[in-house]
Each structure stands twice: as C-alpha cells, then as structure tokens.
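K.L.:
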Amino acid sequence: MKHLGIEVPVKNVPELDPGFLPLGKFRASFLKDAKKPLDLAVERAGGEVAVYKTFIHGTPDMAEADRYYVDRIIKSMLWYMGGFKVYISGDKDIYESMKATYCVGGKRAFDADFMSNVYEKPFEVVYCDQVPAEYSNPQAVGRHLAGCRIGFDAGGSDRKVSAVIDGQPVFSEEVVWFPKTTADPDYHYDGIVAALKSAAEHMPRVDAVGVSSAGIYIENRTMVASLFLKVPKEDFDAKVKDIYIRAIKDTFGDVPYVVANDGDVSALAGAMSLEENNILGIAMGTSEAVGFVDANGNITGWLNELAFAPVDVSPDAMEDEWSGDIGCGVKYFSQDGVIKLAPAAGIELDPALSPAEKLKVVQKAMEEDTPGAAALYRSIGVYLGHSLALYHHFYGFKHVLLLGRVMSGKGGDIILETCKNVLADEYPEIADKINPTLPDEKARRVGQSVAAASLPEIK
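In structure tokens:
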C-alpha cells in the first residue's frame, strides 16, 4: 500500500477493512530515507517532559509527508503522555506548520483546547535550539489491602461498587446508569453517593475509598471525562471537578481517598493478579480505556488516552465524532469498532438500539456462529496486533491485559489469537517481548474492585 508517496508493506490486513494502514508500519517506511534530525518534546504538569528524537526528509518533494508524519507523532505524544507545551527543534518550516495546526482555528484545535483544559494552562508550540531534557516522576499507587475499603468503578453504561475487607470482596453491586446522556450533575452525584452507601452497609466501618473512573484525573479532580459529556461547562467547573471528593467527604467525612483513571486501575488490577509489573491494560468497552504500570510497579503520570491517539493512516479511516480526527483508537478498540465493522460482516443492527445493545447483537451472532461474525473479530485482532507493536514502541511493556465487553466470549478469544498471529508474522523482533492475555478467573472475580479499593493508603 502507498501513502503520501511512501510504499508501506503490510502482509496482514483486516478482511473487513482492507484499507487499514497501520501507523507503525507507515512510521517505519517513512524513516527509511529520512535523514534530517528532528527533536520533539511535550511538557505536562509538574515540569515533567517527554522527548522523542526522530528524522524527517526536509526536501520540497517530501514536505507533505514530513508534515503528516510529525503531526501524527505530536498527536500521539499528547494523548499518550499529555502536555500543554510542544517543543520542536531541527526544522523551522515544520515548527511553523505545527504551530498553525495546533491552535485555535487549526486542524488540531480540538487537541490544543483539550490539553489546555486538562492542564489549566494555555497551549503552546515553541521552537528551540535544543528541546528540554526528559523528566518524569512515577508514583507508587495502590496495593494497600488492609482494613475496610470501598472500591467504586464508574463506567459509561454501569457503575460498580464493592466492599472489600482485608483484600477480600464481601459485597459487589452493579447498577445500570446513563451518565453520558445526562446534563444534571446532581444525577451523577446522587448515583455515586448511593453506591458508596450501598457498599458501606456491608462493613463495620469505612477506612478508605478508591475510585476508578473513565476520564482524566489530576490530584483527584475531574479534568475531562466523557461520563460528564452533557454537563454544561459552568456546572462542570462548579460541581463535577470535585464530584468524587465531595461525595466521599459528604458520606464518610475525613477518610483517605484516591481517584484514578479506570485504565490505570485496570493495569494495576492486572499487575496484582499476575504478580508482575510492566503491564499495559486495555479495556475495550464504551471507549478504549488504557492504563500502564511501569517496570517498578508505578503509575507514570502519562494520560494514556489512546482512544484519541492515531493507529490508522488510511485517508478513508472513520472519523471520531468528538475530536474530528480520523484513524484514532476509539473506532478500532471499543464497541464503536464492532459497530463500524458489522455492516461489512453482514450483521444488521437496528439504528434505534444503543451502542451497548448493538454490541450484544454482534456477540449473540458470534455465539451462534453466524457467518461474518468471526471475520469481524478477526479484523479487530489484526487491528490489535499492529497497534500493540506501535504501543510497544512508546511504552516498552512486557504484558498486555485485554479487558472490557468487546473482549468477552468467543469473540475475545478470536481477537487474542489473531493478534498473536499478526505479531509473530509481522513483528518477530518484538513478538516474544509482548505477552497479550485475557484476565484469569482471579482477575475477573476481584480485579477492578479490589484494585480500586487498594488505591488509598491508610495512615
């Protein structure tokens, strides 16, 4: 396949999406003849900096490809690592192009505005002779099991809560709710409080509360979260930024608490169940929720919002309605990805159904061996194999824990098998370094709730 004048060899393509062109393969092909050094860096909270050293062609005939490549790398860095300031060194034309791209009215205005809101700082793209040095401050989190704890997991379709005593869940409850379509923040607050009280009834006391929630959380505050998509900005600032803090304090007073991204808690759950570190957790459900526990068992402070990071460079890739960009993970590794492929698989979905209900229709077709259903899951497996190689380039993980409704049932087994085959065939140099797995029974039974409950330290 060819893109922007660059020949990109791909052996394994999704049978229901033959136009898929993996970003990792494009990157490797692009760099074969790129000789001009270019350094990039993104700065996030606390002065932490991520650095990426690469190359471009720097010639007029490859200018479009150079701009496209750098845009995809910067976009990836912002959603993997997070940042409000981009540094560029090595090419002023690239700098001018990216400055015009990542600004109000630019092609990546959404990304610039989003990062500005997350870090509560103006977004900037600057040129420098030398980018700042890499700096990170990983934090130990979780694995505290002593005492009477509550673990609350806020998802887009349901909320789960567990009462956990000395690491053992003694009560769990799952309640359907509709946070993403509700504008009243009191609906969300009342649902959180009801869940906390429900768990508290099954313990003699509450020593600590841990929260796992979709979205971006800095110092336990909600910076951005799709759960509160419909809440007006003034209500978000007034009632949502500290919603978990208020709910916990109003219900239990002054007890230790920690609020963390659900992807990070998934990765922590995997680390606890496997008794290993260096784990990437990917939950494929309402969206693509990702978390990472590094080789020392710490949380890195990266955003890990891979739902909005690019994986496909095909110009015909599906657009993400929220960001307005194409080829981003959410359309490949969530119920949206399943729904996208259903027509090509010959599976009819009633437009009146919710996305979660549409996923159930496809899952039922898979259980009944309906023609086309297996091809759908094999296609997602091909997406995943190529994308894990790309993710590994940035993270260097050893284990991948695959979670979420999309990975359940026979379809999940097909995704995993296909993914492993793609890694072995296309990426033999790293295939033995990546170990994608489904959670074992222990992780399925206690994973997320115990991991969430273990977040706060009791002093």
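When you read off a place in the sequence shown, starting at 1, and then add 15, the result is the number in our numbering. For each residue, glycine too, the CB sits at the ideal point set by N, CA and C. Everything numeric in this text was worked out from a predicted model, so none of it was measured.
In three-state DSSP terms, what is Gln350?
P.N.:
Against the sequence shown, residue 350 aligns to sequence position 335. Gln350: helix per DSSP, three-state reduction.
K.L.:
Taking C-alpha atoms, which residue in Glu30, Leu31, Phe35 and Pro29 lies nearest to Asp23?
P.N.:
For the purposes of this step, residue 23 is taken as the residue at position 8 of the sequence shown. Checking the sequence, you will find Val at residue 23 rather than Asp. Answer by Cα proximity: Phe35.
K.L.:
Ignore the nearest five residues each way along the sequence and tell me which others in Arg460's own chain have a CB closer than 7 angstroms to its CB.
P.N.:
The count along the sequence shown starts at 1 and reaches residue 460 at position 445. Its pLDDT being 46, under 50, Arg460 is placed unreliably by the model, and nothing is read from it.
K.L.:
From Val353 to Leu374, what distance separates their C-alpha atoms?
P.N.:
Position 338 of the sequence shown, counted from the first residue, corresponds to residue 353. Position 359 of the sequence shown, counted from the first residue, corresponds to residue 374. So the two alpha carbons sit approximately 7 angstroms from each other.
K.L.:
Spatial neighbours of Pro271 within its chain, please: CB distance less than 8 angstroms, with the 5 preceding and 5 following residues excluded, ordered by chain position.
P.N.:
Position 256 of the sequence shown, counted from the start, is the residue given in the question as residue 271. Cβ within range, chain order: Asp222, Ala223, Val224, Pro471, Glu472, Ile473 and Lys474.
K.L.:
Determine the DSSP secondary structure at Ser369, reduced to helix, strand or coil.
P.N.:
Mapped onto the sequence shown, residue 369 falls at position 354. Here Ser369 sits in coil by DSSP.
K.L.:
Classify Val185 as buried or exposed, calling it buried when 16 or more other Cβ atoms lie within 10 Å of its own Cβ.
P.N.:
Taking the sequence shown and counting its residues from 1, one reaches residue 185 at position 170. Result: exposed.
K.L.:
Any chance you could list the beta strand (DSSP E) runs of at least 3 consecutive residues sitting entirely within the region 381-443, in chain order?
P.N.:
414-418, all fully within the region 381-443.
K.L.:
So Val308 and Ala286 are supposed to be a Cβ contact under 8 angstroms. How far apart are they, rounded?
P.N.:
Residue 308 sits at position 293 when you count from the first residue of the sequence shown. Residue 286 sits at position 271 when you count from the first residue of the sequence shown. Their Cβ separation, rounded to whole angstroms, is 5 angstroms, which keeps Val308 and Ala286 in contact under 8 angstroms.
K.L.:
Please report the Cβ distance between Gly344 and Ala322, rounded to the nearest whole angstrom; I am assuming they are in contact, meaning their Cβ atoms lie under 8 angstroms.
P.N.:
Translated into the one-based positions of the sequence shown, residue 344 becomes position 329. Translated into the one-based positions of the sequence shown, residue 322 becomes position 307. Right, the Cβ-Cβ distance comes to about 5 angstroms (below 8 angstroms), so this counts as a contact.
K.L.:
Under 6 angstroms Cβ to Cβ from Asp279, same chain only, skipping five residues before and after it: list those, please.
P.N.:
Within the sequence shown, numbered from 1, the residue matching residue 279 stands at position 264. The residues are Gly306 and Ile314.
K.L.:
Is it the case that the Cβ atoms of Leu391 and Val377 are separated by a distance below 8 angstroms?
P.N.:
Locating residue 391 in the sequence shown gives position 376, where the first residue counts as 1. Locating residue 377 in the sequence shown gives position 362, where the first residue counts as 1. It is a contact, given that the beta carbons lie within the stated cut-off.
K.L.:
Count the other CB atoms within 10 Å of the CB of Tyr220; is the residue buried (16 or more) or exposed (fewer)?
P.N.:
Within the sequence shown, the letter at position 205 stands for residue 220. Note that residue 220 is Arg in the sequence shown, not Tyr. Answer is exposed; the Cβ neighbour count stays below 16.
K.L.:
Between which two residues does the alpha helix (DSSP H) harbouring Thr266 extend?
P.N.:
In the sequence shown, the residue the question calls residue 266 occupies position 251. Thr266 -> alpha helix (DSSP H) spans Ile258 to Phe267.
K.L.:
Please confirm whether Asp327 and Leu93 have their CB atoms less than 8 angstroms apart.
P.N.:
Along the sequence shown, read from residue 1 onward, the residue named residue 327 stands at position 312. Along the sequence shown, read from residue 1 onward, the residue named residue 93 stands at position 78. Contact: no.
K.L.:
How many angstroms separate the CA atom of Lys254 from the CA atom of His72?
P.N.:
In the sequence shown, residue 254 corresponds to position 239, counting from 1. In the sequence shown, residue 72 corresponds to position 57, counting from 1. Using only the alpha carbons, I get a separation of about 49 angstroms.
K.L.:
Would you kindly check if the distance between the Cβ of Leu46 and the Cβ of Gly105 is under 8 angstroms?
P.N.:
For the purposes of this step, residue 105 is identified with residue 90 of the sequence shown, where counting begins at 1. For the purposes of this step, residue 46 is identified with residue 31 of the sequence shown, where counting begins at 1. No, they are not a contact pair.
K.L.:
Alpha carbon to alpha carbon, how far is Ile260 from Asn235? Give it in angstroms, no decimals.
P.N.:
Counting from 1 along the sequence shown, the entry for residue 235 is found at position 220. Counting from 1 along the sequence shown, the entry for residue 260 is found at position 245. Those two C-alpha atoms are separated by around 7 angstroms.
K.L.:
Pull up the distance between the alpha-carbon of Asp257 and that of Arg59, whole angstroms please.
P.N.:
As a position in the sequence shown, residue 257 is number 242, starting the count at 1. As a position in the sequence shown, residue 59 is number 44, starting the count at 1. Straight-line Cα distance between these residues: approximately 21 angstroms.
K.L.:
Based on Cα-Cα distance, which residue from Ser338, Ala332 and Trp337 lies nearest to Lys355?
P.N.:
The residue labelled residue 355 in the question sits at position 340 within the sequence shown. Minimum Cα distance to Lys355 is reached at Ala332.
K.L.:
Decide if the region 186-203 is in contact with the region 228-245; the criterion is three or more beta carbon pairs, one per stretch, under 8 angstroms apart.
P.N.:
Taking 8 angstroms as the limit for Cβ pairs, the verdict is that the region 228-245 does touch the region 186-203.
K.L.:
Can you give the beta carbon distance from Gly296 to Leu416, rounded, assuming they're within the 8 angstroms contact cut?
P.N.:
Within the sequence shown, numbered from 1, the residue matching residue 296 stands at position 281. Within the sequence shown, numbered from 1, the residue matching residue 416 stands at position 401. Confirmed, about 5 angstroms.
K.L.:
Would you check if the distance between the CB atom of Ile294 and the CB atom of Phe125 is smaller than 8 angstroms?
P.N.:
Against the sequence shown, residue 294 aligns to sequence position 279. Against the sequence shown, residue 125 aligns to sequence position 110. The answer is no: Cβ separation not under 8 angstroms.
K.L.:
In terms of residue numbering, what span does the alpha helix (DSSP H) encompassing Ser104 cover?
P.N.:
To locate residue 104, count along the sequence shown from 1; it is residue 89. No alpha helix (DSSP H) contains Ser104, which is instead part of the beta strand (DSSP E) from Lys100 to Ser104.
K.L.:
Under the three-state reduction of DSSP, which class applies to Gly230: helix, strand or coil?
P.N.:
Indexing the sequence shown from 1 puts residue 230 at position 215. The answer is coil: DSSP assigns Gly230 none of H, G, I, E or B.
K.L.:
If you draw a straight line from the C-alpha of Gly170 to the C-alpha of Ala229, how long is it?
P.N.:
Along the sequence shown, read from residue 1 onward, the residue named residue 170 stands at position 155. Along the sequence shown, read from residue 1 onward, the residue named residue 229 stands at position 214. Approximately 6 angstroms, taken between the alpha carbons.
K.L.:
What residues are listed by DSSP as bridge partners for Ile297?
P.N.:
Working through the sequence shown from its first residue, we reach residue 297 at position 282. For Ile297, which the question treats as bridged, DSSP gives the partners Val305 and Leu417.
K.L.:
Is the beta carbon of Lys40 less than 8 angstroms from the beta carbon of His401?
P.N.:
As a working mapping, residue 40 is identified with position 25 in the sequence shown. As a working mapping, residue 401 is identified with position 386 in the sequence shown. Yes, these two residues count as a Cβ contact at 8 angstroms.
K.L.:
Tell me where the alpha helix (DSSP H) around Ala310 begins and ends.
P.N.:
Start at 1 with the first residue of the sequence shown, and residue 310 comes out as number 295. That residue, Ala310, is in no alpha helix (DSSP H); it is neither H nor E in DSSP.
K.L.:
Can you list, in chain order, the residues of its chain with a C-beta nearer than 8 angstroms to that of Cys143? Leave out the 5 residues immediately preceding and following it.
P.N.:
Position 128 of the sequence shown, counted from the start, is the residue given in the question as residue 143. Result list for Cys143: Tyr102, Ile103 and Ser104, in chain order.
K.L.:
Pull up the distance between the alpha-carbon of Ser281 and that of Ser464, whole angstroms please.
P.N.:
Start at 1 with the first residue of the sequence shown, and residue 281 comes out as number 266. Start at 1 with the first residue of the sequence shown, and residue 464 comes out as number 449. Between Ser281 and Ser464, the C-alpha separation is close to 10 angstroms.
K.L.:
Considering Cα atoms alone, identify which of Asp440, Gly387, Ile445 and Pro451 is closest to Leu418.
P.N.:
Stepping through the sequence shown from its first residue, residue 418 is reached at position 403. Taking only the C-alpha atoms, the option nearest Leu418 is Pro451.
K.L.:
Val146 to Asp108, Cα distance in whole Å?
P.N.:
For this step, residue 146 is matched to residue 131 along the sequence shown. For this step, residue 108 is matched to residue 93 along the sequence shown. If you take the alpha carbons of Val146 and Asp108, they lie about 17 angstroms apart.
K.L.:
Considering Tyr142, what are the terminal residues of the beta strand (DSSP E) in which it resides?
P.N.:
Counting from 1 along the sequence shown, the entry for residue 142 is found at position 127. Segment Glu139 to Tyr142, the beta strand (DSSP E) holding Tyr142.
K.L.:
Does His217 come out as helix, strand or coil in the three-state DSSP assignment?
P.N.:
To locate residue 217, count along the sequence shown from 1; it is residue 202. The answer is coil: DSSP assigns His217 none of H, G, I, E or B.
K.L.:
Taking DSSP's pairing of strands, which residues face Leu53 in a bridge?
P.N.:
Indexing the sequence shown from 1 puts residue 53 at position 38. Bridge partners of Leu53: Thr69.
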